[in-house]
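Written out below as structure tokens is the structure these notes cover.
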Amino acid sequence: MDPLSLIAAIAFFGYIAVVIVSITVEIITEWFRARGRIKADNANAIAFSLAERIANKDYAKVGGVFDKTPAAATTRVVQGFFDERTGRVIEARALASTRQPGADVVRHHTAGRGLVVYT
Numbered sequence: 003m004d005p006l007s008l009i010a011a012i013a014f015f016g017y018i019a020v021v022i023v024s025i026t027v028e029i030i031t032e033w034f035r036a037r038g039r040i041k042a043d044n045a046n047a048i049a050f051s052l053a054e055r056i057a058n059k060d061y062a063k064v065g066g067v068f069d070k071t072p073a074a075a076t077t078r079v080v081q082g083f084f085d086e087r088t089g090r091v092i093e094a095r096a097l098a099s100t101r102q103p104g105a106d107v108v109r110h111h112t113a114g115r116g117l118v119v120y121t
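Counting from 3, one number per residue, gives the positions in the sequence shown under my numbering.
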């Protein structure tokens, strides 16, 4: 899955969860666990997180998603499930935070140049 295809597939979700606490791997993985039925029902579903910005480092412009987010949000991440067969995002949420993200979130997104695929 390439980030540009994923960016093109992401539509405005209708809400942004502004996280008061730091965005951590636990916050990200708990959301995926709560939606385990998506992967169970669709073998083509890929769990991902795509960083627009992590700790003020920009990775990808995710158009329309963060337009109404306060400029002070130093971390902006979209996470969701992408159907590789149809090229559509099945379910997603956008997270924005002014707090320093967890070290693992920074490390994983840096290594993936903004994109992390969860298996």
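Where a beta carbon is used, it is the ideal one built from N, C-alpha and C, also for glycine. Note that the structure is predicted; figures quoted are calculated from it, not measured.
Check, Outcome
"Proximity of I48 and E86 at Cβ, strictly below 8 angstroms", "yes"
"Own chain partners of I25 with C-beta closer than 8 angstroms, once the 5 adjacent residues on each side are dropped", "T77, V79, L97, S99, R101, P103, G104 and V107"
"One or two residues paired with D60 in a DSSP bridge", "R55"
"Proximal residues to I40 (C-beta, below 7 angstroms), its chain only, five neighbours per side dropped", "A47, F83, I92 and E93"
"Counted within 10 angstroms of its Cβ, other Cβ atoms place G116 as buried (16 or more) or exposed", "buried"
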